Every structure is written in structure tokens, then in C-alpha cells.
Amino acid sequence: MKNDKAVVVFSGGQDSTTCLFWAMKQFKEVVAVTFNYNQRHSAEIEVASSIAKELGIQHHLLDMSLLNQLAPNALTRADIEIEQKDGELPSTFVPGRNLLFLSFATILANQIGAKHIVTGVCETDFSGYPDCRDAFVKSCNVTLNLALDKPFVIHTPLMWINKAETWKLADDLGVLNFVREKTLTCYNGIIADGCGECPACELRQKGLNEYLHEKGVK
Ligand SMILES: [Zn+2]
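The sequence shown: position 202 = 202 (UniProt numbering), numbered continuously.
This is the structure:
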């Protein structure tokens, strides 16, 4: 088990791409893993693959289509609208997704001898997704270490920062333009600045505007 090797849970979006660059700075060897659960836009998988290729990162694509079978939702079914009703989780919520992703990423880490797992989950802008919370990730880490009897460390560099601060982190890592131009966050499958109208685009754009404004006035 190598202390300088990490597996990054990677979707090709702003958050996980920023985490990938963060990991490349922290660890000597970085491997990316993308889960295919029949996302609405297969563009997500293509974007992830092309970023990994460009950065020379070994990329594992794992089939998780069972997630779509178990938990149909707005990210995987074109006939389910992206919406959020008052007092409910958004229709983009995939129950148990991070539990499965972290489990499979750790099993992969075990297989390839990596001690570290990096994920871009965040409690600040978490839309109420329960498995993005810090307490969940810590508990999952303990469970996986017991299950595999090894001291894996799950890192969450974005846990306590907002979208503007995530842009700042990308800028500090020297990759703001890369993240802005090459990642896909938009629920309508449009790369870079996206459609500008879906909830994911709104959150991303608002954060970017805040950060650029803050940077401009300093
Ligand atoms: Zn959009």
C-alpha cells in the first residue's frame, strides 16, 4: 500500500477536476476513477476520459448501471424533470450514490495499492444530499477501514468551501482556465460555461462571478 498514491473519484465536472489537480500536487501517483451509471449525458464520461488523457492520468471506468436500476432519478432518466419541491431533496438526488462510489473507489485503491481516496463532495453547497456530509464520509472511512482491515484515508478538499472558494482553489493551483473551459457541470450536457439555466450552471456561474469579482477588487 503506497502512501504517495491516490485514487480520485472523477466525473469530469468542476469539483472533481479541481480535486484531481489538488491530488496531483499532494501525491506522487494519481489514478482517476469514473462511474458509469447511465448518466443522462454520456458526454460526462467522454469529458472525464479526455481530461484524464490530456493530463496523462490512468483512468478507470467502472460500470455502475445497477444504480440506475435501483434508483431511477433525474440524472439518469430523461423522462424525470430536474426540479426541487419545497422541503424535498432535488430530483437529481441518487440515493446511496456516494456510499457506493466511495466503497468501490476504496476497493479499487486496495487493488492497486493506493492508501488515499479523494472525493469532491461538499457540505457547504450540498443541496441537502445526506451522503455529501462530513459525518457520513468520516463514518464511511471507518467502515471501509474495518471492512478491508487497512488504514485508507478519504480526503475531501472541498468539504467546507463554497463554489467561489472552489474556483479560488483552482486558480491557486494554476488551473482556473483549464477547469472553466474543459469541465462539464451542466445538467443539459453543455461543456464549460454550460446552458446557464439549470441549477448546476447557476451554482457554478454564481461562484465564478463572486470569485472573479473578489479577485478584481483586491
Ligand atoms: Zn446547465
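All C-beta atoms, glycine included, are put in the ideal place defined by N, C-alpha and C. Note that the structure is predicted; figures quoted are calculated from it, not measured.
Exposure label - residue i; buried when at least 16 CB within 10 Å
i: Gln39; result: buried
i: Gln14; result: buried
i: Thr183; result: buried
i: Thr17; result: buried
i: Pro151; result: exposed
i: Glu197; result: exposed
i: Thr124; result: exposed
i: Val179; result: buried
Pairwise C-alpha distance: residue j and residue i
i: Met24; j: Ala114; result: 14 Å
i: Phe35; j: Glu214; result: 35 Å
i: Ala170; j: Cys19; result: 9 Å
i: Lys206; j: Gly120; result: 18 Å
i: Ala48; j: Met159; result: 21 Å
C-beta contact flag for residue i and residue j at 7 Å
i: Phe101; j: Val9; result: yes
i: Asn110; j: Leu148; result: yes
Three-state secondary structure assigned by DSSP to residue i
i: Lys28; result: coil
i: Gln69; result: helix
i: Ile117; result: strand
Reference residue i; option with closest CA among the options
i: Val142; options: Ile161, Leu55 and Leu99; result: Leu99
i: Gly96; options: Ile112, Lys28, Cys140 and Glu197; result: Cys140
i: Gln26; options: Leu208, Ala43, Ile191 and Ala6; result: Ala6
i: Asn68; options: Ser49, Ser42, Tyr37 and Lys163; result: Tyr37
i: Lys168; options: Asn209, Gly189 and Cys132; result: Asn209
i: Glu44; options: Arg133, Ala192, Leu66 and Arg204; result: Ala192
Below-7 Å beta-carbon distance, residue i vs any chain B residue
i: Val31; result: Here chain B cannot be found, since the structure has a single protein chain.
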